[in-house]
Structure formats: structure tokens, C-alpha cells
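A.B. asks: Residue numbers (our numbering): 167 to 485.
We put the beta carbon where it would ideally sit given N, CA and C, even for glycine.
Predicted, not measured: the structure shown is a model, and the values here were computed from it.
Here it is, the structure, as C-alpha cells.
So this is what it looks like as C-alpha cells:
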């Protein structure tokens with residue numbers, strides 16, 4: 167699949183999702199970008215803002231399997247990964263797949279599950295396979311986790327540790343729609359949900375091909391050096407306790423490749439890097455003196471400062 171085909175397919179997917187999720191074109195584009203990179207998404211927002219609808223619409227649009235799991239303190243790791251049970255009729259142990267055996271998994275309120283259950287999901291996200299009783303089971307491809315958490319309620323929650331947050335490709339905030347778009351949503355849902363009549367525009371095989379093609383987008387030495395300088399700036403910033411890891415640098419490069427491909431280019435520019443940095447890195451840096459009352463905007467402010475004060479290569483040297 168070539169770059170014009172990626173751009174055309176990505177635009178068609180975004181338009182299809184926009185027919186169900188109103189007024190959230192930027193969020194939709196970022197979720198599609200994450201899909202092209204094979205990365206997982208953490209959505210932090212209030213209930214009822216369209217997170218579940220977005221995940222369902224994405225699954226229908228790419229003709230892929232979809233499952234939803236409500237995370238609770240009593241959810242067990244085996245509920246996600248699956249178990250071996252003894253089949254008396256057959257006289258042998260049979261593996262029963264868990265919820266992760268799908269293409270798109272929505273994990274609602276992931277911070278309400280125990281750390282042990284969270285870890286089992288994050289292992290699946292990283293390895294894209296499940297090991298039960300010494301037997302490895304490969305997860306379907308493509309595989310995308312969209313996890314949600316409520317930014318307000320903290321009682322009865324188990325916040326994700328920094329190392330686990332780092333495994334999410336993007337952290338996004340849906341936000342409320344504007345008044346005009348909310349009115350459009352109400353009229354659109356009068357008789358039936360637009361989701362019911364949504365038609366696929368791609369399939370799973372096409373998504374996998376797009377993911378492979380995105381990795382072929384050229385990243386020059388100048389752009390790679392720019393990404394490294396940005397990462398180093400997060401590690402030495404006076405207000406940052408924990409800077410971006412090498413995994414975060416790699417994620418930024420992948421996101422920049424996808425951003426370039428969605429713009430119809432086979433090479434990454436510094437503007438691609440700047441465009442995706444806040445969403446790729448906002449959850450990967452920990453500020454000094456961090457506490458629950460601290461503004462969630464602090465990482466964005468630090469990243470904005472770093473982007474403004476780190477010299478970027480010229481467009482000529484970036485190609």
C-alpha cells in the first residue's frame with residue numbers, strides 16, 4: 167500500500183467516524199493515527215462523552231471484532247486472558263479465550279481494577295500474546311486497546327503506575343461537544359442511532375497493510391536527532407521528576423511517521439513531530455511535587471515550553 171492510498175483510506179475512515187461522533191474531528195484523527203501505528207489509547211474524560219461509541223464505530227468501520235470490559239475491583243486476570251478448563255465430554259483440558267481475544271477492546275474505567283488485573287492487560291498490550299499454563303496464544307491482528315478512566319473520581323481507584331502509563335501510545339481527552347454539535351447529535355439520534363447504519367470502509371487486512379506501510383516513511387537523521395533533543399529536554403527540565411523514556415522517543419517517531427503519511431508524505435518533517443508530541447508524551451512525564459490536586463495541564467505546559475525552546479531542523483535538512 168502506497169502513501170496516497172494510506173491518505174485516502176485514513177480520510178475515508180475519519181469521515182465515517184465523524185458521521186457518528188459529532189464535532190470531534192481532531193480526536194478521531196488522533197485515534198486513527200494510533201491505529202496506524204498499532205498503538206493503544208488512553209481516554210481520560212467524563213462519562214457520556216462518546217468514548218464507547220467511538221470504539222464501537224471504529225470496530226464497525228474496519229470490519230473488526232469488538233469487546234467491552236467494565237473494570238471493577240473483582241475483575242480477575244483470567245477474565246481478560248482466558249482459562250484452561252476440563253471438558254468432561256472430551257476428556258481433556260480446553261482453553262477458553264478471555265476478553266482480549268478481539269481486534270478492538272474497550273476497557274472502561276481501567277483504574278478501578280486491581281494492579282494485578284491491570285498488569286495482565288498491559289502485558290497483552292505489549293506482547294500481543296497470552297501465556298496460560300505454559301502455552302502461548304497469539305492475539306488477533308490488528309489489536310487495539312482503548313482504555314478509559316475518570317479524571318475526577320479517585321475513591322476506590324488504583325491509579326496506573328508510571329511504567330504502565332508508558333505503554334499507552336496516546337493519552338487523549340474527548341471533552342464535551344460544542345452546542346451546535348450537541349444539537350446535531352440530538353437530532354441525529356431521534357429515531358435511531360447512526361451507529362446502527364454505519365458501514366465499513368476498510369477491513370482488518372487493509373489496516374495491517376497500512377501499519378506496515380507507515381513504518382516505511384522516511385525519518386532523516388536530522389529529525390531523529392530533533393526527537394532525541396526533545397526527549398533529553400524533558401529529562402533535564404527543572405520541573406520534571408521523570409522524563410520521557412526511550413520507548414517514548416520511539417513512540418514519537420512512529421506517530422510522526424503516521425502523521426506524515428496521513429498528510430500524503432513519505433518523509434517526516436519537524437512539524438509532524440511538533441503536532442503529535444503533546445498527545446504522545448503528556449502521560450510520559452511526571453512533574454515534581456505531583457499530587458492529585460495538581461492541574462492536569464502541567465505536562466502540556468512543560469511540553470509546549472520545550473517545543474518552543476528546542477531548535478528544530480529546517481525542512482530542507484529534514485527530507
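Between the Cα of residue 284 and the Cα atoms of 236, 436, 349 and 415, which residue gives the shortest distance?
C.D. replies: Taking the first residue of the chain shown as 1, we reach residue 284 at position 118. Per the Cα distances, 236.
A.B. asks: Residue 264 and residue 248 look like a contact to me (Cβ under 8 Å); what is the Cβ gap, rounded to whole Å?
C.D. replies: Sequence index remark: in the chain shown, residue 264 carries index 98 (1-based). Sequence index remark: in the chain shown, residue 248 carries index 82 (1-based). The pair is a contact, with the Cβ atoms about 4 Å apart (cut-off 8 Å).
A.B. asks: Assuming the contact rule is C-beta atoms closer than 8 Å, residue 340 and residue 211 should be a hit. Round their C-beta distance to whole Å, please.
C.D. replies: The residue labelled residue 340 in the question sits at position 174 within the chain shown. The residue labelled residue 211 in the question sits at position 45 within the chain shown. That belief holds up - the Cβ atoms of residue 340 and residue 211 are roughly 4 Å apart, short of 8 Å.
A.B. asks: Can you tell me whether residue 458 is buried or exposed, with buried defined as 16 or more other CB within 10 angstroms of its CB?
C.D. replies: For the purposes of this step, residue 458 is taken as the residue at position 292 of the chain shown. Summary for residue 458: the model assigns pLDDT 46, below 50, so the residue's position carries little reliability, and this model does not support an answer.
A.B. asks: In angstroms with no decimal places, state the Cα-to-Cα distance between residue 343 and residue 188.
C.D. replies: The residue you call residue 343 lines up with position 177 of the chain shown. The residue you call residue 188 lines up with position 22 of the chain shown. Residue 343 and residue 188: Cα-Cα distance of roughly 7 Å.
A.B. asks: With distances taken Cα to Cα, identify the nearest neighbour of residue 397 among 362, 477, 361 and 223.
C.D. replies: Stepping through the chain shown from its first residue, residue 397 is reached at position 231. With distances taken between Cα atoms, residue 397 lies closest to 477.
A.B. asks: For residue 416, which of helix, strand or coil comes out of DSSP?
C.D. replies: As a position in the chain shown, residue 416 is number 250, starting the count at 1. Residue 416 falls in the helix class under three-state DSSP.
A.B. asks: Leaving out five residues on either side along the sequence, give the residues of the same chain with a beta carbon under 6 Å from the beta carbon of residue 420.
C.D. replies: To locate residue 420, count along the chain shown from 1; it is residue 254. These residues qualify, in order along the chain: 203.
A.B. asks: Check the DSSP bridge columns for residue 313 and list the partner residues they point to.
C.D. replies: The residue labelled residue 313 in the question sits at position 147 within the chain shown. Paired residues: 208 and 273.
A.B. asks: If you draw a straight line from the C-alpha of residue 349 to the C-alpha of residue 197, how long is it?
C.D. replies: Residue 349 sits at position 183 when you count from the first residue of the chain shown. Residue 197 sits at position 31 when you count from the first residue of the chain shown. Those two C-alpha atoms are separated by around 24 Å.
A.B. asks: Please state if the CB of residue 225 and the CB of residue 186 are separated by a distance shorter than 7 Å.
C.D. replies: Along the chain shown, one-based indexing puts residue 186 at 20. Along the chain shown, one-based indexing puts residue 225 at 59. Against a cut-off of 7 Å, the Cβ pair of residue 225 and residue 186 comes out as no contact.
A.B. asks: Out of 277, 181 and 230, which has the shortest C-alpha to C-alpha gap to residue 241?
C.D. replies: Here the question's residue 241 lines up with position 75 in the chain shown. For the residues 277, 181 and 230, the minimum Cα distance to residue 241 belongs to 277.
A.B. asks: Is there contact between the region 406 to 425 and the region 370 to 383, where contact requires at least three CB pairs shorter than 8 Å?
C.D. replies: Segments in contact, yes.
A.B. asks: Count the other CB atoms within 10 Å of the CB of residue 293; is the residue buried (16 or more) or exposed (fewer)?
C.D. replies: Position 127 of the chain shown, counted from the first residue, corresponds to residue 293. Per the 10 Å Cβ criterion, exposed.
A.B. asks: From 300, 324, 323 and 243, pick the residue whose C-alpha is nearest to that of residue 290; which is it?
C.D. replies: By one-based count along the chain shown, residue 290 stands at place 124. Measuring from the Cα of residue 290, the nearest candidate turns out to be 243.
A.B. asks: I'd like to know whether the C-beta atoms of residue 379 and residue 167 end up nearer to each other than 7 Å.
C.D. replies: Taking the first residue of the chain shown as 1, we reach residue 379 at position 213. Taking the first residue of the chain shown as 1, we reach residue 167 at position 1. Yes, they are a contact pair.
A.B. asks: Taking the alpha-carbon positions, what's the residue 179 to residue 281 distance?
C.D. replies: Mapped onto the chain shown, residue 179 falls at position 13. Mapped onto the chain shown, residue 281 falls at position 115. The straight-line gap from Cα to Cα measures roughly 35 Å.
A.B. asks: Quick check on the DSSP output: the alpha helix (DSSP H) that includes residue 476 runs from which residue to which?
C.D. replies: Counting from one through the chain shown, the residue named residue 476 turns up at place 310. Here residue 476 belongs to no alpha helix (DSSP H), and DSSP marks it neither H nor E.
A.B. asks: Just curious, the alpha helix (DSSP H) that residue 173 is in, first and last residue?
C.D. replies: If you number the chain shown from 1, residue 173 lands on position 7. Residues 169 to 184.
A.B. asks: Please report how far the alpha carbon of residue 369 lies from the alpha carbon of residue 267, in whole angstroms.
C.D. replies: In the chain shown, counting from the first residue as 1, residue 369 sits at position 203. In the chain shown, counting from the first residue as 1, residue 267 sits at position 101. Their backbone Cα atoms lie some 17 Å apart in a straight line.
A.B. asks: Could you spell out where the alpha helix (DSSP H) holding residue 378 opens and where it closes?
C.D. replies: Here residue 378 is taken as the residue at index 212 of the chain shown, counted from 1. Segment 370 to 380, the alpha helix (DSSP H) holding residue 378.
A.B. asks: Going by the CB atoms, is the gap between residue 367 and residue 182 shorter than 7 Å?
C.D. replies: Taking the first residue of the chain shown as 1, we reach residue 182 at position 16. Taking the first residue of the chain shown as 1, we reach residue 367 at position 201. Yes.
A.B. asks: Taking residue 361 as the reference, give the member of 449, 399 and 220 with the closest Cα.
C.D. replies: Numbered from 1 along the chain shown, position 195 holds the residue referred to as residue 361. Comparing Cα positions, the closest option is 220.
A.B. asks: Where does residue 465 fall in DSSP's three states?
C.D. replies: Here residue 465 refers to the residue found at position 299 of the chain shown. Reduced to three states, the DSSP call for residue 465 is helix.
A.B. asks: Going by beta carbon distance, what residues of the same chain come within less than 6 Å of residue 474, once the five residues before and after it are set aside?
C.D. replies: Here residue 474 is taken as the residue at index 308 of the chain shown, counted from 1. Contacts found: none.
A.B. asks: Go through its chain and collect everything with a Cβ distance to residue 328's Cβ below 7 Å, but skip five positions before and after it.
C.D. replies: Taking the chain shown and counting its residues from 1, the one referred to as residue 328 is at position 162. The residues are 408 and 452.
A.B. asks: Give the DSSP bridge partners of residue 294, in chain order.
C.D. replies: Counting from 1 along the chain shown, the entry for residue 294 is found at position 128. DSSP, once it has assigned bridges, lists no residue as partnering residue 294.
A.B. asks: Measuring straight from C-alpha to C-alpha, what distance separates residue 305 and residue 270?
C.D. replies: The residue labelled residue 305 in the question sits at position 139 within the chain shown. The residue labelled residue 270 in the question sits at position 104 within the chain shown. Distance between the alpha carbons of residue 305 and residue 270 is about 11 Å.
A.B. asks: So the beta strand (DSSP E) residue 404 belongs to, where does it begin and stop?
C.D. replies: What you label residue 404 is simply residue 238 of the chain shown in a count that begins at 1. Residue 404 -> no beta strand (DSSP E), and no H or E assigned at all.
A.B. asks: For the beta strand (DSSP E) that contains residue 233, what are its first and last residues?
C.D. replies: Here residue 233 corresponds to residue number 67 of the chain shown, with the count starting at 1. Here the beta strand (DSSP E) through residue 233 covers 232 to 236.
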